[in-house]
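Participant: Mapping the sequence shown onto the working numbering, position 314 (from 1) lands on 314, and the numbers just tick up by one. First the structure, which I've put down as structure tokens, then a few questions once you've had a look.
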Amino acid sequence: MRSAAFALVTLLSLSPVTAAAAPDDPERVVMKLDEFLKLYEKNRAEEVTAPLDYALSSARYEGEVQLKDGEPYAAVFKARFRVEVLRAKGFAKVPFLPATVALESAKIGNAEAAVVIEDGHYVLVTQQRGALTLDVTFAAAVTTAEGSSAVSFQLSPAGATSAVLSVPAREDLDFTVAGAKLQSDKVVGDKRVVEAVLPSTGALEVKWQRELPKAAQQASRVLSEVYTLVSLGEGLMRATTTAQYTILFTGVDKLALRVPKDMTVLDVVGAGVREWKVDGEGNLAVQLNYAAKGSYGLRIEMEKVVRGDIKDVAAPVPVPVGVERARGFVGVESRGNLEVDAGDVKGATPVDVRALPAAILGITGQPVLLGYKYLGTDVSIPLSAWQHVDADVLVTLLDEARARTMWTREGRRLTSVKYRIRNNRRQFLRLALPKGGELWSASVGGRAVQPALAADKRVMIPLVRSQAAGGELAAFEVEIVYVENGAPPSDSGRGQFSATLPRADAPCTYVAWTVYAPDDAKVKRLSIDGNLRKVRYLSNPIPAEDMNYVQAANPAVVEGAQTQAAPGGALGDGAMPVPVSLPLQGREVHFEKLLALDEELTIGFKYRGLKKR
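Structure (structure tokens):
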């Protein structure tokens, strides 16, 4: 109302009609009633505009099939369209049927309607306004092939569409209405009638054929293939079975299998499984929500508790009941350190495990040890398994150890050792420092940690567990920095250099050790001693970022690492490591060794020319 009043005020302001303002109220306008009504009607006519020229509210088609020489050849339809003409003036065009059908008549009431053909459709041309009813009679062709008949034509979009088709026949017919959302058929005298509610777009397509009597329908034929993976572990035998059915002719909604009575069925999974149950004799009954037809699969999980060694225990193989043909495959795997063997097999033939179907090999990452195939329902595969004691294996490995020692004229030595470690389970890396060595810093993965001191005085570096990367364990770095005193040179500048690396409790595949000697110290080549080989260049050079400094890591504690403090020493009681950074300079002397086991790593040589300053 407010918008209409605003429009009227606007019209009043623009209208040439004479209007006088009230003398006591300048905001009021006074005009004659007939002039006001003319303005109101004019404004209303200009504002109301229909979005479409017409609307088909509903369409109903009622047809009857015509016979010629006892065979259907055409269908005559009487259709009624409810049309709403929305166009304000002039003629409206309403397409209502495709030009592929033969139009007999089109009437609005008792009068013939004006119909033309345009764009492949019969089009009603009218200047009537509002609702009208269009009654049409037309014929559509019926096609018959291979005992099935059909009639079809394109529909005009309507708000609601329904169809009825009657077919003269003395026998029952099986109807199919394409896209029907609601369909029913019935017998009316000697005719078979189908009714359907259709979507408002698309085509009307009705097919029919003789209905096959139930007594003449062929009974179901069920074929099966069973794939079973048997897993033997410590104290448990599990079986995963995939039963694949081929159901022909008529669907079935009940399936039955026979499982070993001593096995516990954990779950039965399949499309539309409503319920399943196992009786005391091992009969598994599966009820479906629908009649399955064609290909259908069931997955059955079973297990059984076994104690000690397994001796002549039959492999649990479910057997389908009520099938015409049953064949299957069995694969056997070991979960743990079990040695598995088979006894006297009956009704089955051993096969190469690589020839087992993907339904078995594809559901396990363990190697399948035994494979069998069988045909029929009488199969017996006795199994035996023995438990063996687990052997100790390597759980921590040092991929490499890189040591750098800064040797001063006074004989003091500052050493940094970086270990690249792959660790699966160990909690600490234990290191026996050289005699007199004083630990300054320790880090894991670039973050400082608080070492612990074992009862035998070895330093315990807390480790983290390696992350999995591409199916392998990723390596991380552990670095220690320690200082020790050595013998100073004599007054003549001669002396003996001897040093030992920390002894680790894990094997190392490669050790590199670089000693930075004072520039004027001359190493006697023939005096070199120790179990590391002097080389001119290292096989695996030290990364460039590590060449210039010996540096302890950032003093942040590695997340998840143990942080028990070592009492006393360079660290102090429970103190976090202090960052250490010393430049590396001098003449480089390189040593290396492949595969260092639980052994001391030592080097030694004589030198001369080192004068005191």
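All C-beta atoms, glycine included, are put in the ideal place defined by N, C-alpha and C.
Just to confirm before moving on: does the CB-CB distance between V483 and V464 stay below 8 Å?
Facilitator: no
Participant: Quick one: measure Cβ to Cβ for L375 and R327, integer angstroms, because I've assumed they're closer than 8 Å.
Facilitator: With 8 Å as the limit, L375 and R327 qualify as a contact, their Cβ atoms being about 5 Å apart.
Participant: Taking a contact to mean a Cβ-Cβ separation below 8 Å, would you say Y537 touches Q585 in this structure?
Facilitator: no
Participant: Considering only the beta carbon of each residue, do R413 and A506 sit closer than 8 Å?
Facilitator: no
Participant: Using alpha carbons as the reference points, say which of E301, A196 and T126 lies closest to A178.
Facilitator: A196
Participant: Please work out which residues of its chain come closer than 7 Å, Cβ to Cβ, to P98, disregarding the five sequence neighbours upstream and downstream, and give them in chain order.
Facilitator: Closer than 7 Å at the Cβ level, and outside the excluded window around P98, lie G120, H121, F153 and Q154.
Participant: Hey, is the region 187 to 205 in contact with the region 153 to 173, meaning 3+ C-beta pairs nearer than 8 Å?
Facilitator: yes
Participant: Let me make sure I understand the geometry here. Which of L103, G130, A141 and V142 has the alpha-carbon closest to that of V123?
Facilitator: L103
Participant: I'd like to know if the region 194 to 210 and the region 275 to 285 are in contact, where contact means that at least 3 CB-CB pairs between them fall below 8 Å.
Facilitator: no
Participant: In this structure, does DSSP put Y537 in helix, strand or coil?
Facilitator: coil
Participant: Please report the straight-line C-alpha distance between S162 and A113, rounded to a whole angstrom.
Facilitator: 23 Å
Participant: Around the C-beta of N423, are 16 or more other C-beta atoms found within 10 angstroms, so that it is buried, or is it exposed?
Facilitator: buried
Participant: For a test of the three-state rule: what should DSSP assign to D378, helix, strand or coil?
Facilitator: D378 falls in the coil class under three-state DSSP.
Participant: Grouping DSSP H, G and I as helix and E and B as strand, with all else coil, what is L429?
Facilitator: DSSP places L429 in strand when its eight states are reduced to three.
Participant: What runs of the alpha helix (DSSP H), each 4 residues or longer, lie entirely inside the region 143 to 217?
Facilitator: none
Participant: Hey, quick one: how far does the alpha helix (DSSP H) through I360 stretch, first residue to last?
Facilitator: A358 to L361
Participant: I'd like the list of long-range same chain contacts for Q562, defined as Cβ closer than 6 Å, with 5 residues on each side in sequence excluded.
Facilitator: Model confidence at Q562 stands at a pLDDT of 41, short of 50, so the residue's coordinates are unreliable; what they give is reported in the following sentence. Within the same chain, Q562 has close Cβ partners P462.
Participant: How should R192 be labelled, buried or exposed, when 16 other C-beta atoms within 10 angstroms of its C-beta is the threshold for buried?
Facilitator: buried
Participant: Assuming G371 and A355 make a contact with CB atoms under 8 Å, what is their CB distance in whole Å?
Facilitator: 7 Å
Participant: Could you have a look at V252 and say whether DSSP puts it in helix, strand or coil?
Facilitator: Correct three-state label for V252: strand.
Participant: Between W208 and the rest of its own chain, which residues show a CB-CB distance below 7 Å, the 5 nearest in sequence each way excluded?
Facilitator: S149, V167, L173, D174 and F175
Participant: Less than 8 Å between the CB atoms is what I'm expecting for T240 and V226, so what's the real figure, rounded?
Facilitator: Actually they are not in contact, since the Cβ atoms of T240 and V226 sit about 11 Å apart, beyond 8 Å.
Participant: Can you name the residues that DSSP bridges to Q66?
Facilitator: Looking at the DSSP assignment, Q66 forms a beta bridge with A74.
Participant: In chain order, what residues of the same chain lie with their CB nearer than 6 Å to the CB of V346, ignoring the 5 residues before and after it?
Facilitator: The sequence shown places Lys at residue 346, rather than the Val named in the question. Correct list, in chain order: S380.
Participant: So, under 8 Å CB-CB, G411 and G486 are touching, yes? Tell me the CB distance rounded to an integer number of Å.
Facilitator: 4 Å
Participant: So, with DSSP's three-state summary, where would you put E35?
Facilitator: helix
Participant: Between the Cα of P260 and those of G159, V142 and P382, spot the shortest distance and give me the residue it belongs to.
Facilitator: P382
Participant: Rounded to whole angstroms, what's the CA-CA distance from A403 to A391? Just pull it up for me.
Facilitator: In a straight line, the C-alpha of A403 is about 33 Å away from that of A391.
Participant: Start and end of the beta strand (DSSP E) containing R274?
Facilitator: V273 to V278
Participant: Between L597, R170, V65 and R335, which has its C-alpha nearest L616's C-alpha?
Facilitator: Outside the displayed range of the chain (1 to 613) lies residue 616, so it cannot be described from this structure.
Participant: Ignore the nearest five residues each way along the sequence and tell me which others in A348's own chain have a CB closer than 6 Å to its CB.
Facilitator: Y372, Y374, V379 and I381
Participant: Give the straight-line distance between the Cα atoms of L204 and T100, rounded to the nearest whole angstrom.
Facilitator: 13 Å
Participant: Hey, could you find the ends of the beta strand (DSSP E) K93 is sitting in?
Facilitator: A92 to P98
Participant: Among F497, A106 and I480, which one has its Cα closest to the Cα of R525?
Facilitator: F497
Participant: Measuring only from the beta carbon, is L501 closer than 7 Å to any heavy atom that is part of the ligand FAD?
Facilitator: No copy of the ligand FAD appears in this structure; indeed no ligand is present at all.
Participant: Kindly indicate which three-state DSSP category T523 falls into: helix, strand or coil?
Facilitator: Here the sequence assigns Val to residue 523, which means Thr is not the residue at that position. Strand.
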